[in-house]
Structures are given as C-alpha cells and as structure tokens.
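Working notes, structure below.
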C-alpha cells in the first residue's frame with residue numbers, strides 16, 4: 015500500500031518524539047514501530063509507536079504532558095537541564111494531519127507514545143526530492159544562517175524541520191526586540207519575521223532592522239503571517255518578500271532566493 019502526506023510535519027513530529035525518548039532514557043532501548051495502515055473513509059490511518067525504557071511518567075504527569083511549555087516533573091527538569099518536552103507541538107502536528115498523540119506507561123518502566131495520522135492513498139511510489147531539490151533553483155540551499163523570529167513552539171518545530179531539510183542553520187528568538195539585537199550583532203544571511211509577536215510587532219522590528227547601518231541593516235527579510243492583509247505593511251516596513259502561512263518547503267526556498275537577490279541588489 016502506498017500513501018502520501020505532509021512529510022515535513024510528519025518528520026518533525028517523529029523527530030520530536032524520538033528525541034525526547036532518547037533524552038529521557040539513560041540506559042535501555044528506544045523502539046519505533048509502524049502499525050499496518052487501515053482505511054478511515056477516503057483516508058488511510060497510520061500509527062507510529064515510539065516506546066522507551068526510560069525514567070517513566072506517572073499518570074498525573076501524563077495528564078499534563080501535552081500542555082504548552084509543560085515539564086512533567088521538577089526532578090526531570092533538574093536531571094536533564096530543564097529542557098521542555100515540546101509535546102504540545104507534537105499534538106498540534108498530529109491534529110493538523112487529522113490524527114492525535116497519546117502517552118501510556120510502559121510495562122516494566124518507561125513510556126509509550128502512540129502517534130496517529132491520516133494520509134492519502136496513492137497508486138504507486140512517489141519520488142522524494144532531496145534537500146536541494148525541495149526548492150528550485152537549488153543554489154538557495156548553500157547553507158544560509160537564518161534568524162527565525164517565531165514565538166509559537168509549533169511554528170518553530172515546523173520551520174526548523176524545513177530549514178534543516180533545505181540545508182540551512184536556524185536560530186530562533188521569540189520577540190522582535192531580540193531579533194533587532196541579534197541582527198545588529200551580525201552573522202545572519204536572512205531573517206524570517208513573523209508579523210504577530212509579543213512586544214513590538216514584526217512590522218516594527220523590520221523597520222528597526224532597516225534603520226541599522228549596513229551591511230546588517232540590509233539583511234534579507236522575509237515577512238510571514240497567516241493573514242494575507244499583512245503583506246503590504248511588511249513590504250512597506252522594508253521586508254523583501256512575504257510568505258503566507260502555512261509555509262511549504264518549496265515556497266520557503268523560493269522566498270529565500272528572492273529575498274537574498276533583492277538584498278544584494280539594493281546595496
């Protein structure tokens with residue numbers, strides 16, 4: 015049986031689950047299983063199971079595990095450097111693909127995460143583009159250093175996965191003020207600027223970046239929003255390109271190429 019779906023979001027979710035399983039398993043094993051697909055109306059339901067023999071979770075911890083910014087246990091935070099589990103993002107990814115995710119205690123210790131998504135039936139195998147082929151032309155994928163200004167953990171997971179697929183290195187900040195500060199320090203090839211942020215807006219942050227001295231003030235800037243009406247304000251503030259969310263790998267690759275070209279020709 016062949017299926018097609020959103021490979022970027024699927025990979026982001028599975029990487030998150032596997033990363034957490036490895037992080038909280040000091041010794042033992044981490045296992046990924048895929049169950050046999052089954053029909054669900056016109057879609058195909060596929061279940062991925064990530065099981066670990068790690069420190070385990072109580073039932074009370076599992077109940078609050080998928081809340082945003084939730085660290086299930088204070089002792090876990092102290093032992094593993096306070097890294098958040100990020101599982102609220104996985105739940106959003108699963109639901110965006112018509113599925114869900116749940117956690118259960120594993121017999122003998124550890125935790126099992128069951129991640130289900132709905133995929134579309136396909137008549138045969140579908141060619142999978144390489145990282146350089148995701149965006150055309152491919153010279154956009156020459157390892158750019160990108161500052162992504164995004165305060166939503168779900169958005170960060172998706173963007174980081176896409177940028178990694180395209181061969182780029184991303185750094186994330188959640189506020190416009192922080193973005194201006196980081197750009198002023200130099201070292202970035204492009205900025206992905208969300209329009210709706212805590213503190214100053216993305217539009218104001220773009221304006222402040224453009225007020226910086228060259229060359230940092232001429233960095234390529236891509237405005238991003240879920241509302242098409244934000245495009246005019248983004249461009250008026252100095253944004254080179256505008257992308258409407260949700261963003262696809264090909265659209266982002268093309269936008270990066272265009273933004274870099276505009277920034278280069280304006281200097």
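Numbering (our numbering), first residue to last: 15 to 281.
Cβ atoms here follow ideal geometry from the backbone N, Cα and C, with glycine treated the same way.
Is the beta carbon of residue i sitting closer than 9 Å to the one on residue j?
{"i": "residue 189", "j": "residue 213", "result": "yes"}
{"i": "residue 225", "j": "residue 231", "result": "yes"}
{"i": "residue 209", "j": "residue 241", "result": "yes"}
{"i": "residue 252", "j": "residue 221", "result": "yes"}
Considering residue i, what are the terminal residues of the alpha helix (DSSP H) in which it resides?
{"i": "residue 350", "result": "Since the displayed the chain opens at 15 and closes at 281, residue 350 lies outside it and no answer follows."}
{"i": "residue 69", "result": "That residue, residue 69, is in no alpha helix (DSSP H); it is neither H nor E in DSSP."}
{"i": "residue 304", "result": "Outside the modelled stretch of the chain, which goes from 15 to 281, sits residue 304, for which no answer is possible."}
{"i": "residue 248", "result": "245 to 251"}
{"i": "residue 198", "result": "190 to 199"}
Reducing DSSP to helix, strand and coil, say where residue i ends up.
{"i": "residue 23", "result": "helix"}
{"i": "residue 215", "result": "coil"}
{"i": "residue 155", "result": "No answer about residue 155 holds up, because its pLDDT of 45 lies below 50 and its placement is not dependable."}
{"i": "residue 278", "result": "helix"}
{"i": "residue 273", "result": "helix"}
{"i": "residue 92", "result": "Low confidence applies here, because residue 92 scores a pLDDT of 46, under 50, leaving its location unreliable and the question unanswered by this model."}
{"i": "residue 163", "result": "strand"}
{"i": "residue 265", "result": "helix"}
{"i": "residue 35", "result": "helix"}
Can you tell me where the beta strand (DSSP E) with residue i in it begins and where it stops?
{"i": "residue 185", "result": "183 to 187"}
{"i": "residue 63", "result": "57 to 66"}
{"i": "residue 119", "result": "114 to 119"}
{"i": "residue 208", "result": "204 to 208"}
{"i": "residue 255", "result": "255 to 258"}
{"i": "residue 16", "result": "16 to 18"}
{"i": "residue 103", "result": "That residue, residue 103, is in no beta strand (DSSP E); its alpha helix (DSSP H) goes 101 to 110."}
{"i": "residue 52", "result": "52 to 54"}
Cutting at 7 Å between CB atoms, please list the residues of its own chain near residue i, excluding the five before and the five after it.
{"i": "residue 191", "result": "213, 214"}
{"i": "residue 27", "result": "104, 107, 108, 129"}
{"i": "residue 186", "result": "162, 164, 170"}
Considering only the alpha carbon of each residue, which of the options lies closest to residue i?
{"i": "residue 122", "options": "69, 235, 165", "result": "69"}
{"i": "residue 62", "options": "265, 52, 228, 48", "result": "48"}
{"i": "residue 31", "options": "18, 80, 75, 74", "result": "80"}
{"i": "residue 73", "options": "277, 55, 125", "result": "125"}
{"i": "residue 260", "options": "238, 184, 247, 252", "result": "238"}
{"i": "residue 57", "options": "218, 133, 265, 228", "result": "133"}
{"i": "residue 76", "options": "39, 120, 235, 53", "result": "120"}
{"i": "residue 279", "options": "202, 254, 194, 24", "result": "254"}
Please go through the same chain and pick out, in chain order, the residues whose beta-carbon is closer than 6 Å to the beta-carbon of residue i, but skip the five residues on each side of it.
{"i": "residue 97", "result": "With a pLDDT of only 38 at residue 97, under 50, the local geometry of the prediction cannot be trusted, and the value read off the model is given with reservation. Excluding residues within five positions, none has a Cβ falling inside 6 Å."}
{"i": "residue 44", "result": "35, 36, 66"}
{"i": "residue 171", "result": "26, 103"}
{"i": "residue 258", "result": "242"}
{"i": "residue 244", "result": "209"}
Please list, in chain order, all residues of the same chain as residue i whose beta carbon is under 8 Å from its beta carbon, the five residues on each side excluded.
{"i": "residue 138", "result": "16"}
{"i": "residue 51", "result": "15, 17, 58, 59, 60, 133"}
{"i": "residue 211", "result": "163, 165, 188, 189, 190, 219"}
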